[in-house]
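Reviewing the structure listed below.
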Amino acid sequence: MIWIYFILIITSGASASATDTIFPNQTLEDGDFLVSAGGVFELGFFSLGKSSFRYLGIRYKSIPTADVVWVANRNVPLVDRTGMLKVNRTLQLLNVSNNLIWSAEPVVRNTSRSSNQLVALQLLDSGNLVLKEDDGQRVIWQSFDHPGNTWLPEMKLTLEKSTGRRRNLTSWYSSDDPSPGPYTVFITYELFIRNDTTDSGQRIGYWNGVGFNGMTTLEPSSFYTFDFRSTEEENYLRYTLVNDSGSFTRMVLNEDGGFQLLVWMNRTQSWDVYMTTTNYLCPPLGYCGPYGGCNFTKSECRCLQGFEPKLQEEWSDADWSSGCKPENLMSSENGHTTFKKFSNMKMPDSFGSESNLTMSLEECGTACNNVTANCTAYANIDITDGGSGCRMWYVELIDITEALPGDNSGQDIYIRMRNSDIIGDEKKKKKKKKSPLIVILLPVSLALLLGLALTLYAWRTKKKSHLKGEAFLNEDQKQDVELPFFSLSKIVTATDNFSINNKLGQGGFGAVYKGVLDDGVEIAVKRLSKTSSQGLVEFQNEVICIAKLQHRNLVKLLGYCVQGDEKMLVYEYMPNKSLDFFLFDKDNSLLLDWPQRYHIINGIARGLLYLHQDSRLRIIHRDLKASNILLDSNMNPKISDFGLARMFDEFETEANTNKIVGTLGYISPEYAAGGVFSVKSDVFSFGVLVLEIVSGKKNRGFFHQDQHDTLLGHAWRLYKEDKLLELVDATLEDSWNVSEVLQSINVGLSCAQQHPEDRPSMSSVVHMLGGEGALPPPRQPRYYSDETVSEAESTTLIMPNLPVSINEVTVTQLGGR
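Quick note: the sequence shown uses the UniProt record's numbering, first residue 1, plus one each step.
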């Protein structure tokens with residue numbers, strides 16, 4: 001009844017001033033604030049540093065520095081003070097033109113309930129902005145589900161196991177610009193910090209009940225404690241304060257990748273750095289190779305005790321990627337394998353491992369010793385109360401090293417040393433001689449029995465693995481997809497155990513390795529990492545989708561592997577890597593002359609035409625970009641990476657989604673703003689790609705010293721000034737054909753027009769590129785800043801209009817393979 005009373009006395013459209021709750025039909029305008037009940041936080045509009053842009057976000061109210069902990073419109077700032085937050089069933093941030101800048105759609109819906117169910121927006125003293133219904137009893141949206149660069153107590157970092165979606169921290173681009181920077185902190189079974197710019201990551205380590213294994217500064221203290229849980233649905237991590245001392249605490253991922261726990265000190269009126277990971281982190285994962293670890297004091301790699309460099313010459317040149325090998329053959333007294341105990345260690349990377357929560361350490365060792373030589377190491381999962389649980393590794397150990405002195409989270413691990421031949425000692429040789437027949441038959445019999453046992457074991461393992469691999473497809477999908485299953489052992493053999501020397505590249509979903517099968521066929525293995533944002537749904541989608549496609553300009557999928565936590569796709573090998581490898585590199589671009597570029601443009605167009613019109617189903621790629629165009633030995637382009645693709649029925653033309661996926665700079669306006677996608681979304685991406693191929697410049701991050709344009713804006717300006725040939729890449733020199741260049745630029749601009757209905761179909765594009773007919777004159781593209789627009793407005797307009805938290809939006813920024 002209290003809520004109803006408020007609605008009666010607040011008129012429609014009334015502005016809130018200083019309250020902790022906003023009700024339907026109320027608005028929050030620039031200058032108004034939503035203040036938490038205890039006065040700790042406030043929600044309102046503000047600018048950052050020297051920037052004049054305006055952001056809607058949450059900041060501390062009760063401390064003088066007013067540090068920001070959450071920003072709604074990270075990617076799309078307001079250019080003036082006319083912003084307005086409107087509260088109904090959703091939250092909508094509008095600008096002066098009433099255009100939607102950002103929105104928050106409730107993620108929990110009960111369609112049987114009345115659409116008039118009472119809602120209210122409330123800011124809590126925890127810093128969480130919540131949208132509630134049912135008289136405040138049910139939270140249907142909260143800002144804690146959409147973190148920025150700040151981790152507050154009780155906020156969860158999560159991994160959703162069924163989809164692979166993560167709730168993680170993302171650094172700001174700069175102190176004045178809260179748009180997503182290159183660094184991310186996220187949880188799988190371990191805690192990671194990733195740098196998307198260099199496609200590298202750092203393992204902080206496992207949670208072992210005491211702390212993050214090998215990370216002294218992230219152990220629990222008398223001040224705060226971590227809570228890590230693994231359920232059937234998700235893994236999550238949060239931290240809480242041990243006692244309510246009234247101190248303000250936050251963890252921040254800085255622009256330089258430093259991850260710090262800060263505590264507000266009333267005495268000094270400043271933030272005190274209580275914990276930081278910056279000085280701990282060693283080189284990227286895998287840098288030291290198998291059985292090699294980081295030497296923290298010398299910033300170099302070293303082998304575990306009892307191991308030596310595989311290639312001493314490379315190690316002498318500070319190239320440690322080949323890793324280490326055991327120094328000597330070892331065996332126990334009875335000739336069986338020896339597991340050597342290593343104490344106070346940071347556990348290796350979890351790839352190729354499995355866990356059992358109920359096994360003791362002794363049972364773990366017995367199980368590891370009973371699976372022949374496949375098990376390379378074992379350890380406890382939790383080291384509290386004497387230890388419990390079992391983790392076993394089946395591959396060479398990566399990123400394993402001694403923990404820092406004083407690190408209480410370091411633990412014991414038992415590592416298999418190399419098997420020796422059964423060596424009898426001299427005393428056994430002096431025992432009485434056996435009859436010649438026994439001497440001959442006994443080893444022969446043992447060998448036969450051992451061979452039979454190994455054959456049966458291998459057959460059962462292969463069958464079991466194959467069944468696991470097919471389990472992710474339902475019966476209809478299995479009948480529709482005739483695609484070979486590759487066992488993990490076969491891929492490990494083909495890639496030389498994912499040797500660093502076979503690594504072709506690193507993308508947002510994982511690494512790609514070259515391999516050679518037993519019959520000599522070269523393959524490319526896309527191995528999804530545990531840190532990948534691509535989940536099982538996207539993996540299924542790519543397998544099912546691309547298995548049905550056969551076209552010379554589409555990459556061919558040869559098979560797949562799903563075994564344990566591993567998900568891999570096996571493709572035909574493309575020796576010339578991806579288009580961006582040539583296009584955006586100063587030296588490599590010299591190898592790509594105009595005839596080759598025009599050939600690539602035509603090939604991509606024909607591949608898209610097949611997807612949109614001639615394949616069994618109409619398919620929208622949704623992530624067309626230079627890094628997803630692979631080149632074979634003859635520089636023929638092949639469209640790859642169908643993890644985000646959508647299949648349409650024959651008469652279906654468009655769809656709407658609450659999950660926007662793709663890559664900044666290539667996403668069409670209608671998709672970015674409203675989630676509407678169609679074949680014309682791919683046409684827009686193709687237009688951007690054509691202009692990039694002609695100019696050799698990236699659309700995102702394009703800079704012109706005289707103008708504040710994107711590549712699209714620059715091309716449009718040159719089109720209006722009749723100077724289109726100035727767009728051509730200078731490295732092409734005299735190799736280009738004027739009519740083909742002008743034709744390509746016209747196609748690019750026509751495809752990148754703002755409204756989908758103004759863009760041509762791919763059939764029209766193919767005809768035009770083939771010299772058959774012409775397209776209508778292009779109109780102004782979406783991300784163009786007119787000369788009359790002020791510098792502040794110009795900078796805003798050319799920014800991709802892609803709010804990260806719209807309806808659980810996921811934007812993947814993928815690197816080249």
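Backbone N, C-alpha and C fix where the C-beta goes; we use that ideal spot for every residue, glycine too.
The C-alpha of Gln260 is placed about 13 Å away from the C-alpha of Ile204. When only Cα atoms are considered, Asn746 and Phe582 end up about 23 Å apart. Here the alpha carbons of Leu253 and Leu91 stand approximately 27 Å from one another.
In the DSSP assignment, Leu43 forms a beta bridge with Leu34, Ile58. Buried is the label assigned to Arg759, since at least 16 other Cβ atoms lie within 10 Å of its Cβ. Cβ atoms of Gly515 and Ala494 come within 8 Å of each other, at about 3 Å. The Cβ atoms of Trp151 and Met265 lie no closer than 9 Å to each other. For Tyr666, the closest of Asn699, Gly387, Ser175, Lys490 by C-alpha to C-alpha distance is Asn699.
Separation of the CB atoms of Trp393 and Thr366 is rounded to 16 Å, and the pair is thereby denied contact status at 8 Å. In this structure, Arg165 and Phe186 do not form a Cβ contact; the two beta carbons are roughly 11 Å apart against a cut-off of 8 Å. About 5 Å separates the CB atoms of Asp580 and Ser627; that is less than 8 Å, so the two are in contact.
One thing to note: Pro326 has its Cβ no nearer than 9 Å to the Cβ of Ile413. With contacts defined by Cβ atoms closer than 9 Å, Met345 and Thr384 do not form a contacting pair. The Cβ atoms of Lys638 and Leu554 lie closer than 9 Å to each other. Beta-bridge annotation (DSSP): Pro309 is paired with Cys324. By the 16-neighbour rule on beta-carbons within 10 angstroms, Gly38 is exposed. Ala752 sits away from Leu725, with the two beta carbons spaced by 9 Å or more. In this structure, Leu121 lies near Phe23, with their beta-carbon atoms less than 9 Å apart. Bridge partners of Ala379 according to DSSP: Arg391. Listed in chain order, the non-local C-beta contacts of Val68 below 6 Å within the same chain comprise Gly57, Arg59, local neighbours out to five positions each way being set aside.
The residues Ser322, Gly323, Cys324, Lys325, in chain order, have a CB closer than 7 Å to that of Lys310 in the same chain once the five nearest residues on each side in sequence are set aside. In this structure Arg552 is exposed. Its beta-carbon is surrounded by fewer than 16 other beta-carbon atoms within 10 angstroms.
Excluding five sequence positions before and after Ser175, the CB atoms of its chain that fall closer than 8 Å to its own CB belong to Leu48, Gly49, Glu255, given in chain order.
The residue among Val512, Val119, Met417, Cys561 with its C-alpha nearest the C-alpha of Pro484 is Cys561. Pro776 sits in coil when the DSSP states are folded into three classes, being neither helix nor strand.
Taking 9 Å as the cut-off, the Cβ atoms of Leu611 and Val683 do not count as close. If you look at Asn746, you'll find it in the alpha helix (DSSP H) that goes 738 to 751. Apart from the 5 residues on each side of it in sequence, Arg527 sits with its Cβ closer than 6 Å to the Cβ of Gly510, Ala511, Met568 in its chain, given in chain order. In the three-state reduction of the DSSP assignment, Asn235 falls in the strand class. For Asp385, DSSP records no beta bridge to any residue. In the structure shown, Cys364 falls within a helical segment according to DSSP collapsed to helix, strand and coil. Glu42 sits buried, since 16 or more C-beta atoms from the chains shown fall within 10 Å of its C-beta. Thr188 sits buried, since 16 or more C-beta atoms from the chains shown fall within 10 Å of its C-beta. Taking Leu191 as the centre and dropping the five residues before and after it, the same chain places the C-beta of Ile204, Phe212 closer than 6 Å to its C-beta, in chain order. Scanning Lys680, Ile629, Thr276, Glu721 for the CA closest to the CA of Glu692 turns up Ile629. A straight line joining the alpha-carbon of Phe45 with that of Ser36 spans about 15 Å.
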